[in-house]
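In the numbering used here, the protein residues as written are 38 to 182. Just so it is clear, CB atoms sit at the ideal spot from N, CA and C, and this is done for glycine as well. Just so we're clear, the structure is a prediction, and the values are computed from it rather than from any experiment. Encoded as structure tokens, the structure appears first; notes follow it.
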């Protein structure tokens, strides 16, 4: 069995945090939670995080600042910001992705998380056929190109 991916969820709203945690854990992820940017940074510094999902608007440290600090520590970890009040990516410019709350349903969020974790891991190792075999089977395509 492969190890479960670890997602760090950050939100100053405990109810939103528990809903996200439940949603992700029922899909097989291991979820760590933080109610503030400082708490999230402490957890992140411990390492082993595969993805960060954070609210944009939080007291003391907003999501952009949190992402900026985390990217200084481990830039390859994908980070998603979500916001219920900000409708565009303009305000969430430090993250790898932005999801507006309400305009993005849970299935879209789960799919985005799955893709970003897979991208961090890299492409699956597939047995590729040699270059000449591919073009030998499709001579019309080679002639057009």
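Euclidean distance between Cα positions of residue i and residue j
i	j	result
residue 95	residue 40	31 Å
residue 97	residue 108	19 Å
residue 110	residue 100	15 Å
residue 157	residue 48	23 Å
Close Cβ partners of residue i (< 8 Å) along its chain, the five nearest in sequence each way excluded
i	result
residue 180	Low local confidence applies: a pLDDT of 44 at residue 180 is under 50, so the model's placement there is unreliable, with the coordinate-based value given in what follows. Excluding positions up to five away in sequence, the list is empty.
residue 75	97, 98
Beta-ladder partner(s) of residue i, from DSSP
i	result
residue 89	45, 116
residue 68	44
residue 136	119
Chain-order list of residues whose beta-carbon lies under 7 Å from that of residue i (same chain, five-residue window excluded)
i	result
residue 141	none
residue 118	91, 93, 100, 104, 129, 132, 135
residue 146	136
residue 58	46, 68, 70
Nonlocal neighbours in the same chain, by C-beta distance under 6 Å from residue i, ignoring five residues either side
i	result
residue 43	67, 85, 86, 87
Anticipated Cβ contact below 8 Å, residue i with residue j, distance rounded
i	j	result
residue 103	residue 77	6 Å
residue 89	residue 45	5 Å
residue 22	residue 154	Residue 22 is absent from the structure shown; the chain starts at 38 and stops at 182.
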